[in-house]
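Numbering (mature numbering (1 follows the signal peptide of the UniProt record, and there is no 0)), first residue to last: -22 to -1, 1 to 470.
In what follows, a single structure is set out as structure tokens and then discussed.
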Ligand SMILES: *[C@@H]1O[C@H](CO)[C@@H](O)[C@H](O)[C@H]1NC(C)=O
Ligand SMILES: *[C@@H]1O[C@H](CO)[C@@H](O)[C@H](O)[C@H]1NC(C)=O
Ligand SMILES: *[C@@H]1O[C@H](CO)[C@@H](O)[C@H](O)[C@H]1NC(C)=O
Ligand SMILES: *[C@@H]1O[C@H](CO)[C@@H](O)[C@H](O)[C@H]1NC(C)=O
Ligand SMILES: *[C@@H]1O[C@H](CO)[C@@H](O)[C@H](O)[C@H]1NC(C)=O
């Protein structure tokens, strides 16, 4: 939970702080520019005496607050001077304040926006009476009062830049009207119960920087949309089907791409070589087929490639990873891969996590794997690998139970690379003759449950709890936090 909140905060804060810097002119609903001076101000920072909130907007804020169970706000004589987080206002040249941002929901322990009464809250139509609104944020607001996303939000098109409706329990389709929010930069509908397909009208939002529709029940294809400024595209955990559209290659600013846990089919499009800034690609748990696109090689910024659970075999080209010099995390488990482990993998100096388990890889582990000094997790279990494990004693010791080697046809340890083979489910390489040549080794097979191990249990292994899944999840959260963190510091 904590980890999750961290991620969310990292995602959200940059947009708020960026908004704080970028305000100068806001178009009013009549199309006449009204110059607002200063940056937006919360009730806390409001200083100027004599300024008053626009009365029509004040009434609208009362309505919106009442609709979320925050009736206390209606006692506040001037909402822009009301001392609560979650409202931001800006003065115009006549010292009249306009509401530019409204936020609801307990985002984290130290970001206390007004909470909603989840049993009876709704989004008041009066939101359309806030003609300067740039940010609208509802988090966990309507969970026990399931409702659609109101179509009237489309009327905020002239000004709205950030729309976040996260974990709100929204049902029904994404309204076509959201395509009228042509100034939107952030659209986040994560973790609701939205169904139907992704509306094509979203293609009108040409300046979109972040689109997160993850964790819903969306069906139909991934539409052929082009968002040239998009940094984050997250459609994970839906019921989307059909192929990955070829237009993906035109998302030239993409940093994070997550299509995981859908029903997507066909290959990853070949034309991904324009994605020069892409740091995370997660296509795991779909039904994607091979071959591996050659153009993946050109993704020099890529730090994490996660394709787990797609039957993309049979082979990985030997030079597949050449050029992906930034790669830190590679997850290719259960992909029906055959043949050898590509040599080019061991030329990636930053590799930390490599999962190739649950395939049919054969041959030996490339000797050059011993040069992967940053490796902290290596899963090769459940394959057909054989020969000696070419890792130094230090690497084996450091990885401990994050080194998965069991259930291979003939992997073994050199005597000098381990203190105890107990935890790995493989044995020591058997020396044949006095001067062993690496070509002719056989393997002693040990059983994990063999009595032998009961007597040789080393103290470091007492806490083995086979929590591979937990490790993976922790990695996962750590990774998304990392990628989002990096994203937070990219000047937008
Ligand atoms: C908004 O979008 C809908 C459907 O996409 C359209 O019918 C409507 O005319 C648009 N304009 C406004 C102001 O809502
Ligand atoms: C969406 O879900 C609602 C029930 O919440 C259902 O009535 C409706 O038919 C569904 N629509 C689609 C397109 O699946
Ligand atoms: C390990 O990673 C660090 C930081 O990414 C990098 O500077 C270093 O060169 C890597 N180590 C090796 C042995 O390549
Ligand atoms: C690996 O398996 C392939 C068939 O998938 C076979 O042709 C090849 O000879 C095997 N290589 C080794 C080293 O066992
Ligand atoms: C061992 O690995 C193979 C190949 O991935 C797999 O098919 C098999 O089920 C595994 N055996 C056990 C006991 O897990």
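Backbone N, C-alpha and C define an ideal beta-carbon position, used for all residues, glycine too.
No experiment lies behind these values; they were computed from the predicted model shown.
Residue 364 and residue 232 have their C-alpha atoms spaced approximately 40 angstroms apart. Distances from the CB of residue 216 to the heavy atoms of ligand 2 are all 7 angstroms or more. Beta-bridge annotation (DSSP): residue 331 is paired with 307 and 355.
The beta-carbon separation of residue 118 and residue 138, rounded to 21 angstroms, does not stay under the 8 angstroms limit for a contact. For ligand 5, residues qualifying as neighbours are 360 and 385, where qualification means a beta carbon closer than 5 angstroms to at least one of its heavy atoms (chain order). When DSSP states are grouped into helix, strand and coil, residue 315 belongs to the coil group.
CA-to-CA, the gap between residue 78 and residue 142 works out to about 15 angstroms. By the beta-carbon neighbour count (other beta carbons within 10 angstroms, threshold 16), residue 387 is exposed. In this model, residue 62 and residue 81 are separated by some 10 angstroms (Cα to Cα). Its chain contains 63, 64, 81, 82 and 83 as the residues whose beta carbon lies nearer than 6 angstroms to that of residue 91, once the 5 sequence neighbours on both sides are disregarded; these appear in chain order. Proximity to ligand 2 was defined by a C-beta distance below 5 angstroms to any of its heavy atoms, and the residues meeting it, in sequence along the chain, are 149, 173 and 174.
Of 156, 344, 192 and 58, the smallest CA-CA separation from residue 135 is found for 156. With respect to the C-alpha of residue 130, the residue from 258, 173 and 103 having the closest C-alpha is 103. Annotated as distal: residue 207 and residue 234, with beta-carbon spacing of 8 angstroms or more. Under DSSP, residue 234 forms a beta bridge with 210 and 258. Here residue 181 has 203 as same chain residues with Cβ atoms under 6 angstroms from its own Cβ, once five neighbours each way along the sequence are excluded. Taken through DSSP and simplified to helix, strand or coil, residue 105 comes out as helix. Residue 239 counts as buried, since no fewer than 16 other beta carbons sit within 10 angstroms of its beta carbon. Residue 329 sits close to residue 306, with the two beta carbons spaced by under 8 angstroms. Residue range 164 to 166 is occupied by the beta strand (DSSP E) that includes residue 166. Separation of the CB atoms of residue 350 and residue 319 is rounded to 12 angstroms, and the pair is thereby denied contact status at 8 angstroms.
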